[in-house]
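Written out below as structure tokens is the structure these notes cover.
Numbering (my numbering), first residue to last: 128 to 495.
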């Protein structure tokens, strides 16, 4: 502003100690949310999976409608799609402009509640022709993501110089943000420029096991009536089919209650497998997800415009044979947690109606 002062914002700190274990919290969760829509940002390129008509605005409006009901937001990767800026201006350099625009677009939410993020493949680099010519090294290997987003990695023993993997406690839940992109053989070979190697070999997975083991011990204590978080919820960008080899055994071993992911531009939920429920919630809207206002159900991979690529392969979005529901409607999730249950809802971004819901109650088994 002309006065030199910024707008004034306020926020509430989370409950701590015994109050945290007994708290009731709600958070919005989704992956793959772009910036604005094809009316405000028309497409010059509609090949390579890019959509001519799309919208992230509708999910942004839904978040606005929810702002007084939620305590925090968790964006499961692919944040704003700045690396697709070339599709809106082939010869320009729009990467930083789009990233700035997205963050300003979210400011009235991110300034008043935690806006947690997990890393996705679209955070890897700027790969427009002009960017590769002039800014390739500076904007490679998740550099913009790690400079813009400061998650509690040092506080949780994660990688100290980045936000690639970390965990945090909020109310009755221990949340873990995993790295589905690097440092365990994933992602490094999928980009134009070299990426990965944030930690020493094996460091990431060793951290994850140690974090989950400690969380399982606190979960067991909480369920005996002591202090701790009675729920473990893990989130990452890629769904079950891409992380199962190195991660799922740890989820089962340490009693992860829920795994949430994006990447696939649609929704799928499966029945719990070995104690863990799997949900893919990547249909918030972006310039790689076609939007058709006439698609009222979006429940079949055989229907026109429904889901994309691997998301229609059995066992990709959720474990094989476990799928309960799928839809390609523009939607975001809301997770409510208290000491006794996790309650999940998928909300239609256009109408606000509930497309899916499930409650996870305390299991009898205690994992330690």
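All C-beta atoms in this analysis are idealised placements derived from N, C-alpha and C, irrespective of residue type, glycine included. Quantities reported herein were computed from a predicted structural model and do not represent experimental measurements.
Residue i versus residue j - alpha carbon distance
{"i": "residue 462", "j": "residue 261", "result": "42 angstroms"}
{"i": "residue 280", "j": "residue 418", "result": "36 angstroms"}
{"i": "residue 446", "j": "residue 332", "result": "21 angstroms"}
{"i": "residue 289", "j": "residue 412", "result": "27 angstroms"}
{"i": "residue 409", "j": "residue 450", "result": "16 angstroms"}
{"i": "residue 373", "j": "residue 268", "result": "22 angstroms"}
{"i": "residue 138", "j": "residue 441", "result": "43 angstroms"}
{"i": "residue 243", "j": "residue 141", "result": "14 angstroms"}
{"i": "residue 301", "j": "residue 350", "result": "14 angstroms"}
{"i": "residue 497", "j": "residue 330", "result": "Residue numbering for the chain in the displayed model covers 128 to 495; residue 497 lies beyond these limits and cannot be assessed."}
{"i": "residue 216", "j": "residue 151", "result": "45 angstroms"}
{"i": "residue 366", "j": "residue 132", "result": "43 angstroms"}
{"i": "residue 158", "j": "residue 466", "result": "26 angstroms"}
{"i": "residue 220", "j": "residue 270", "result": "17 angstroms"}
{"i": "residue 482", "j": "residue 473", "result": "5 angstroms"}
{"i": "residue 134", "j": "residue 275", "result": "20 angstroms"}
{"i": "residue 335", "j": "residue 385", "result": "15 angstroms"}
{"i": "residue 265", "j": "residue 287", "result": "20 angstroms"}
{"i": "residue 340", "j": "residue 240", "result": "28 angstroms"}
{"i": "residue 491", "j": "residue 376", "result": "The predicted position of residue 491 is uncertain, since its pLDDT is 45 and thus under 50; no value can be drawn from it."}
{"i": "residue 401", "j": "residue 359", "result": "14 angstroms"}
{"i": "residue 191", "j": "residue 346", "result": "33 angstroms"}
Identity of the residue in the options nearest residue i by Cα
{"i": "residue 382", "options": "293, 489 and 213", "result": "489"}
{"i": "residue 387", "options": "155, 148 and 135", "result": "155"}
{"i": "residue 453", "options": "439, 464, 465 and 466", "result": "439"}
{"i": "residue 203", "options": "236, 373, 362 and 368", "result": "362"}
{"i": "residue 205", "options": "448, 179 and 307", "result": "307"}
{"i": "residue 145", "options": "465, 355 and 152", "result": "355"}
{"i": "residue 469", "options": "368, 215 and 486", "result": "486"}
{"i": "residue 406", "options": "393, 416, 414 and 415", "result": "393"}
{"i": "residue 226", "options": "184, 265 and 272", "result": "272"}
{"i": "residue 404", "options": "194, 484 and 164", "result": "484"}
{"i": "residue 163", "options": "195, 416, 456 and 143", "result": "416"}
{"i": "residue 161", "options": "143, 184, 291 and 147", "result": "184"}
Where the alpha helix (DSSP H) containing residue i begins and where it ends
{"i": "residue 350", "result": "330-350"}
{"i": "residue 144", "result": "144-148"}
{"i": "residue 472", "result": "No alpha helix (DSSP H) holds residue 472; the beta strand (DSSP E) holding it covers 468-475."}
{"i": "residue 524", "result": "Residue 524 lies beyond the stretch modelled for the chain, which goes from 128 to 495, so this question has no answer here."}
{"i": "residue 223", "result": "222-232"}
{"i": "residue 380", "result": "376-380"}
{"i": "residue 191", "result": "184-193"}
{"i": "residue 120", "result": "With the chain covering 128 to 495 only, the question about residue 120 has no answer from this structure."}
Unbroken beta strand (DSSP E) run spanning residue i, endpoints
{"i": "residue 463", "result": "458-464"}
{"i": "residue 486", "result": "481-488"}
{"i": "residue 395", "result": "394-397"}
{"i": "residue 202", "result": "199-202"}
{"i": "residue 358", "result": "358-362"}
Sub-8 angstroms separation of residue i and residue j beta-carbons
{"i": "residue 399", "j": "residue 357", "result": "no"}
{"i": "residue 222", "j": "residue 255", "result": "yes"}
{"i": "residue 284", "j": "residue 310", "result": "no"}
{"i": "residue 379", "j": "residue 304", "result": "no"}
{"i": "residue 106", "j": "residue 259", "result": "Past the edges of the chain, shown from 128 to 495, lies residue 106, and the structure says nothing about it."}
{"i": "residue 230", "j": "residue 414", "result": "no"}
{"i": "residue 182", "j": "residue 165", "result": "yes"}
{"i": "residue 457", "j": "residue 476", "result": "yes"}
Do three or more CB pairs link the region 317-333 to the region 160-180 at distances below 8 angstroms? no
Quick check: the region 244-253 against the region 200-211, are at least 3 beta-carbon pairs closer than 8 angstroms? yes
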